[in-house]
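S.K.: First to last, the sequence lines map onto chains A and B.
Converting from the first sequence to the working numbering requires adding 322 to each position, the first position being numbered 1.
Converting from the second sequence to the working numbering requires adding 4 to each position, the first position being numbered 1.
The structure follows.
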Amino acid sequence: MAMALTRRNLHLLCPIFSARLLTTASTSPITIETSLPFTAHNIDPPSRSVQTSPQELLSFFRDMALMRRMEIAADSLYKAKLIRGFCHLYDGQEAVAIGMEAAITRKDCIITAYRDHCLFLGRGGTLLEAFAELMGRKDGCSKGKGGSMHFYKKDGGFYGGHGIVGAQIPLGCGLAFAQKYSKDDNVSFMMYGDGAANQGQLFEALNMAALWDLPAILVCENNHYGMGTAEWRAAKSPAYFKRGDYVPGLKVDGMDALAVKQACKFAKEHALKNGPIILEMDTYRYHGHSMSDPGSTYRTRDEISGIRQERDPVERVRKLILAHDIATEKEMKDNEKEVRKEVDEAIAKAKEIPSPDPSELFTNVYVKGLGVEAFGADRKELRAVLP
Amino acid sequence: MYQWRMIRSATAILSFFSKASIAYTFVETEASMAAASFGVSSAAVQAVKSSASPLPSLPVIRSEARPISGRINRSRNAGKIATHAVAAQTENPASAASKPGHEVLLFEALREGLEEEMERDPRVCIFGEDVGHYGGSYKVSKGLADKYGDLRVLDTPIAENSFTGMAVGAAMTGLRPVVEGMNMGFLLLAFNQISDNCGMLHYTSGGQFTIPTVIRGPGGVGRQLGAEHSQRLESYFQSIPGIQMVACSTPYNAKGLMKAAIRSENPVVLFEHVLLYNLKERIPDEEYVVSLEEAEMVRPGEHVTILTYSRMRYHVMQAAKTLVNKGYDPEVIDIRSLKPFDLYTIGNSIKKTHKVLIVEECMRTGGIGASLTAAINENFNDYLDAPIVCLSSQDVPTPYAGTLEEVTVVQPSQIVTAVEQLCR
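And the structure:
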């Protein structure tokens, strides 16, 4: 298939997808207004008019449909017991991942918590790597040793994938520090949720980032529920973008990919000059916190379906595409069918991949070989030499 | 089988004596050293392996990572750095001016190590409270901020969890941060970052990220500092997979371990001791690095193996003087490497003496001594004539009162009594 030539992924090593439609779509700019204005704290908000192009909108649609499809497929794989343990799904929040990718390069760093499947895709990860890792096979992105919460892609600038709530924020601060140290004009996006916004580490990291003017952008993906606890029950002040106090903040409609793109572009420019900024993405997740959470005990089904009808990110982009006559209904449906097929093929291939070899248990514990031998339980049989 | 063991111990003894008799031994540069530790055996080991072809059925932990023994070294004289450079031993206490090397205090040795590494590699940076303008609460980083700037010697706010996390994040991109905890006890606040992110990221990312951090700080029981500032945390960190732990005890090995820890690609926790910072010793002028996984033979002997580390080394040496007067000949080994244990050196010693005494400052429950006892019992049970005796500090918060604090840690008289009982 031909290489997709969106503005966003011109510099990519491998595109997420390719479609005949994309290569023929035009790149002439369109200006679209975001659905809601930005709310700002200690800063002038960016304008509501976003520059985009038909090709970009189509790629948004395709990518988000792919992410949506992947998450739903992961849901069924989990129910079929092919994925075990924890599985945190991102459907409903795709606009954040897509909008962010549109605004930045692969040299910028993204670090997030455990809801990382779609961000991994956005950073250049392939479906096969993702599914293989979810199913614990050896060709997964972390060789099957990480699992759902530990997706990483070093060459794509994706630093994971962290299980402990809030621990990724100081790590992201460190990424920003390294960028400042090496004086390259890149920024780091640290993503966390409304639950993690109450962690002390965040404020420690904010203080340090502001103190040393680090190019750090803290992105709060506010899906309004910290596992089972609604935000009004966990936080005295749910205005997470204002919590930085002296650090400016921006509240963005996280279900609108174009608004996210505008905000991230604005934030990148700000961070490179003036230090940290907080972005609060007002978003929503359709699934529960993880696969073991039905998601309906703390919120009503009406709420979920209401948001799906009014604010769904994929639908919004579809309506934009149809409204601007970029593609027809049928072409969009074909797109979705292709996406579905792609995901199914990736799953089928991933199922074929074997589990990691038992010797892999001991690899990558240390970098340098210590040459120590590890024995079996009764100490008679040599299991492995720690490489 | 026995022949094989004898050859091994003979090689070890020979190699030790050869090391002691020559002033400097050179091994390869760092890259080839790494290659050597991947099991490229020394000639001696190869000879052994060819004579006894299958692995012995009795399991013995051999650390293949030990640097090549002294005699072999000289034939491979391609090195830029010395791993066993030893200042000429003080056999005759003649005039100080004629001896090579220079005298330093332990904190100065640490600083020299830091400075040399920062000079050598621009990616090395220091994070910590009061390390920059103040010069470090124990003067370890004095003068470095003036020389290298505020970004490389970073004064952090009092937020251990975050700045340790920051160090890990910076390390993920390729920097080599040295994190200073003002006291090891404060690093408990950063335990999540050390355990999950520092220790495990290399594994959970399938090898994509390396975390070459050094986490260092003083710990141990000081002079009436109170319970919260006298913690012995080696026990807490020892189970974290993926990190290495070392403890320095003399200016010589402090500088060497600091340099080795900074150069290592693994996260290393370097335990210093509050009371040892003002120790004075003569160390070599030229650059040297000490192996992170090796123990140090402090005093060879025949009757009993005493394993110790950090400050207890000095209590043991004090007890050793008394013991020698009483006619005993203890072999004292400073294990230095707390994770992984240098079971090679320790094993050779046990095979010689058949009795083990562990003297440590860590807590009794779940401490380094407890792990070492288990490891020795598992591997060298056949060689032991008596059960292992482990003298640790008491399982109490360190009291403030001086007399009580003294009793919390192991005193030389207790060591003497233990050896006498062991050697009966």
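Just so you know, even glycine gets a beta-carbon here, dropped at the ideal spot from N, CA and C.
Find the nearest neighbour of A362(A) within the set E632(A), K564(A), E416(A), judged by alpha-carbon distance.
M.R.: Translated into the one-based positions of the first sequence, residue 362(A) becomes position 40. It is K564(A).
S.K.: Can you tell me whether A378(B) is buried or exposed, with buried defined as 16 or more other CB within 10 angstroms of its CB?
M.R.: One-based indexing of the second sequence puts residue 378(B) at position 374. Result: exposed.
S.K.: Determine, using beta carbons only, whether K590(A) comes closer than 8 Å to chain C.
M.R.: In the displayed structure, chain C is absent; the protein chains listed are A and B.
S.K.: So what does DSSP say about C394(B), is it helix, strand or coil?
M.R.: As a first step, residue 394(B) is located in the second sequence; it is residue number 390 there, counting from the start. Note: C394(B) maps to strand in three-state DSSP.
S.K.: In terms of DSSP beta bridges, what is Y514(A) paired with?
M.R.: As a first step, residue 514(A) must be located in the first sequence, where it is residue number 192. Bridge partners of Y514(A): C542(A).
S.K.: How should G74(B) be labelled, buried or exposed, when 16 other C-beta atoms within 10 angstroms of its C-beta is the threshold for buried?
M.R.: Translated into the one-based positions of the second sequence, residue 74(B) becomes position 70. Residue placement at G74(B) is poorly supported in this model, since its pLDDT is 35, which falls under 50; the coordinates still yield a value, given next. Classification for G74(B): buried.
S.K.: Looking at chain B, is there any beta carbon in it that lies within less than 8 Å of the beta carbon of V689(A)?
M.R.: Along the first sequence, one-based indexing puts residue 689(A) at 367. So, interface residue.
S.K.: If you run the structure through DSSP and keep just helix, strand and coil, what is F432(B)?
M.R.: In this structure chain B extends from 5 to 428, so residue 432(B) is not present and cannot be described.
S.K.: Along the chain, where does the beta strand (DSSP E) that runs through V302(B) open and close?
M.R.: The residue given as residue 302(B) occupies position 298 in the second sequence. V302(B) -> beta strand (DSSP E) spans 300 to 303.
S.K.: For N657(A), does the count of other Cβ atoms within 10 angstroms reach 16, so buried, or fall short, so exposed?
M.R.: Sequence index remark: in the first sequence, residue 657(A) carries index 335 (1-based). Classification of N657(A): buried, given that the 10 Å Cβ count is 16 or more.
S.K.: Cβ closer than 9 Å: which chain A residues qualify as neighbours of E298(B)?
M.R.: Within the second sequence, residue 298(B) is the residue found at index 294, counting from 1. Those do not exist, as E298(B) stays about 11 Å from chain A at its closest Cβ, beyond 9 Å.
S.K.: Just list the alpha helix (DSSP H) runs in the region 391 to 456 of chain A, keeping only unbroken ones of 4 residues or longer that don't cross its boundaries, in chain order.
M.R.: Here the runs fully enclosed are 416 to 425, 439 to 444, 449 to 456.
S.K.: Just to confirm before moving on: does the CB-CB distance between C440(A) and Y412(A) stay below 8 Å?
M.R.: To locate residue 440(A), count along the first sequence from 1; it is residue 118. To locate residue 412(A), count along the first sequence from 1; it is residue 90. A contact, by the Cβ cut-off of 8 Å.
S.K.: Give me, in chain order, the residues of the same chain whose beta-carbon lies closer than 8 Å to that of K502(A); leave out the 5 immediate sequence neighbours on both sides.
M.R.: Numbered from its first residue, the first sequence carries residue 502(A) at position 180. Closer than 8 Å at the Cβ level, and outside the excluded window around K502(A), lie W534, D535, L536, P537.
S.K.: Quick one: is H206(B) near chain A, going by C-beta distance under 8 Å?
M.R.: Residue numbering aside, residue 206(B) sits at position 202 when the second sequence is read from its first letter. Yes, its Cβ sits closer than 8 Å to a Cβ of chain A.
S.K.: Only counting the same chain, and skipping five residues up and downstream in sequence, which positions put a Cβ closer than 6 Å to that of A668(A)?
M.R.: Stepping through the first sequence from its first residue, residue 668(A) is reached at position 346. Result list for A668(A): L449, L450, F453, in chain order.
S.K.: Could you name the residues of the region 194 to 205 of chain B whose beta carbon sits closer than 7 Å to any beta carbon of chain A, in the order they occur along the chain?
M.R.: Result list: N196, Q197, D200, N201.
S.K.: Excluding the 5 residues preceding and the 5 following A175(B) in the sequence, name in chain order all residues of the same chain whose CB lies nearer than 7 Å to its CB.
M.R.: The residue labelled residue 175(B) in the question sits at position 171 within the second sequence. Closer than 7 Å at the Cβ level, and outside the excluded window around A175(B), lie P181, I215, P216, T217.
S.K.: Taking only beta-carbon atoms, is I486(A) less than 8 Å away from chain B?
M.R.: Here residue 486(A) refers to the residue found at position 164 of the first sequence. Yes - at least one Cβ of chain B is within 8 Å of the one on I486(A).
S.K.: Taking only beta-carbon atoms, is A163(B) less than 8 Å away from chain A?
M.R.: In the second sequence, counting from the first residue as 1, residue 163(B) sits at position 159. So yes, A163(B) belongs to the interface.
S.K.: Contact defined as beta carbons within less than 8 Å: I believe K460(A) pairs with S677(A). What is the distance between those atoms, to the nearest angstrom?
M.R.: Position 138 of the first sequence, counted from the first residue, corresponds to residue 460(A). Position 355 of the first sequence, counted from the first residue, corresponds to residue 677(A). Confirmed, Cβ separation roughly 6 Å.
S.K.: Considering Cα atoms alone, identify which of E133(B), C129(B), G246(B), G226(B) is closest to S683(A).
M.R.: Taking the first sequence and counting its residues from 1, one reaches residue 683(A) at position 361. It should be noted that the sequence gives Leu, not Ser, for residue 683(A). L683(A) has its Cα closest to that of G246(B), out of E133(B), C129(B), G246(B), G226(B).
S.K.: In the structure shown, what three-state DSSP assignment does F684(A) receive?
M.R.: Within the first sequence, residue 684(A) is the residue found at index 362, counting from 1. It is coil, neither helix nor strand.
S.K.: Quick check: the region 146 to 164 of chain B against the region 109 to 125 of chain B, are at least 3 beta-carbon pairs closer than 8 Å?
M.R.: Yes, the region 109 to 125 of chain B touches the region 146 to 164 of chain B.
S.K.: Do C366(B) and S341(B) have their C-beta atoms within less than 8 Å of each other?
M.R.: Residue numbering aside, residue 366(B) sits at position 362 when the second sequence is read from its first letter. Residue numbering aside, residue 341(B) sits at position 337 when the second sequence is read from its first letter. Contact: no.
S.K.: Which residues in chain B sit within 9 Å of P570(A), going by Cβ to Cβ distance?
M.R.: The residue you call residue 570(A) lines up with position 248 of the first sequence. In chain order: nothing, as chain B lies at least about 20 Å away.
S.K.: Measuring CA to CA, which of C202(B), E335(B), L109(B) is closest to V363(B)?
M.R.: On the second sequence, position 359 is the one that residue 363(B) refers to. Answer by Cα proximity: E335(B).
S.K.: Suppose you measure from the CA of G617(A) to the CA of D666(A); what does that come to, to the nearest Å?
M.R.: Numbered from its first residue, the first sequence carries residue 617(A) at position 295. Numbered from its first residue, the first sequence carries residue 666(A) at position 344. Using only the alpha carbons, I get a separation of about 26 Å.
S.K.: Measure the C-alpha to C-alpha separation of V183(B) and Y514(A) and round it to an integer number of angstroms.
M.R.: Numbered from its first residue, the second sequence carries residue 183(B) at position 179. Numbered from its first residue, the first sequence carries residue 514(A) at position 192. If you take the alpha carbons of V183(B) and Y514(A), they lie about 25 Å apart.
S.K.: Would you call the region 367 to 384 of chain A and the region 536 to 554 of chain A touching, i.e. three or more CB-CB distances under 8 Å?
M.R.: The region 367 to 384 of chain A, when compared against the region 536 to 554 of chain A, does not touch it at the 8 Å Cβ threshold.
S.K.: Can you look up R220(B) in the DSSP assignment and give me helix, strand or coil?
M.R.: Numbered from 1 along the second sequence, position 216 holds the residue referred to as residue 220(B). It is a strand residue.
S.K.: So, is P161(B) buried or exposed, given that buried needs 16 or more other C-beta atoms within 10 angstroms?
M.R.: Along the second sequence, one-based indexing puts residue 161(B) at 157. With fewer than 16 Cβ atoms within 10 Å of its Cβ, P161(B) is classed as exposed.
S.K.: Tell me whether the beta-carbon of K590(A) lies closer than 8 Å to the beta-carbon of V509(A).
M.R.: Locating residue 590(A) in the first sequence gives position 268, where the first residue counts as 1. Locating residue 509(A) in the first sequence gives position 187, where the first residue counts as 1. Yes, the Cβ-Cβ distance between K590(A) and V509(A) is below 8 Å.
S.K.: Could you pull out every unbroken alpha helix (DSSP H) segment of at least 4 residues lying fully inside the region 469 to 523 of chain A, listed in chain order?
M.R.: Segments of the alpha helix (DSSP H) lying fully in the region 469 to 523 of chain A: 490 to 503.
S.K.: Any beta-carbon of chain A closer than 8 Å to the one on S212(B)?
M.R.: Numbered from its first residue, the second sequence carries residue 212(B) at position 208. A small correction: the amino acid at residue 212(B) is Gln; Ser does not occupy that position in the sequence shown. With 8 Å as the cut-off, Q212(B) counts as an interface residue toward chain A.
S.K.: Please confirm whether G139(B) has its beta-carbon closer than 8 Å to some beta-carbon of chain A.
M.R.: Start at 1 with the first residue of the second sequence, and residue 139(B) comes out as number 135. No - not a single Cβ of chain A is within 8 Å of the one on G139(B).
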